[in-house]
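In this note's numbering, the protein residues as written are 16 to 125.
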């Protein structure tokens, strides 16, 4: 069971990397066609910041006790990833933008 759960997390990491790559390509194509960054940027920010944390947690679990050493890139990356949901507009604010501008939902109570 533990092996299966970790295997599933590795698979999720690979799938997430591919999804992020495709989303980035779509954004680049939009910019090359003269488009601008719209509310889709909020989707990108939320996805990336949460994916980054999950990726680093998975890597640290794969490395075992050695992964938590302060000397590893994965350990440093994990600490840095924790700031992702906060900087460049908190994920809570980004979700409000997604709800209002992409989904057309009314402004909710904050």
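Ideal Cβ placement from N, Cα and C applies to all residues, glycine included.
Residues of its chain near residue i, where Cβ-Cβ distance is below 7 angstroms and the 5 sequence neighbours each way are ignored
{"i": "residue 84", "result": "90"}
{"i": "residue 43", "result": "none"}
Collapsed DSSP secondary structure at residue i in the structure displayed
{"i": "residue 113", "result": "helix"}
{"i": "residue 39", "result": "helix"}
{"i": "residue 60", "result": "helix"}
Residue i burial status per 10 Å Cβ neighbour count (16 or more: buried)
{"i": "residue 51", "result": "exposed"}
{"i": "residue 73", "result": "buried"}
Close beta carbons around residue i, own chain, < 8 angstroms, minus the five adjacent residues each side
{"i": "residue 106", "result": "60, 61, 64, 65, 100"}
Spatial neighbours of residue i in its chain, beta-carbon cut-off 6 angstroms, leaving aside the 5 residues before and after
{"i": "residue 54", "result": "112, 116, 117"}
Should the segment 88-100 be regarded as contacting the segment 57-77, the criterion being three or more beta carbon pairs within less than 8 angstroms?
yes
Within the chosen definition, does the segment 77-88 reach the segment 30-48 through at least 3 CB pairs nearer than 8 angstroms?
In the pairwise beta carbon analysis, the segment 77-88 is classified as not touching the segment 30-48: fewer than three pairs are separated by under 8 angstroms.
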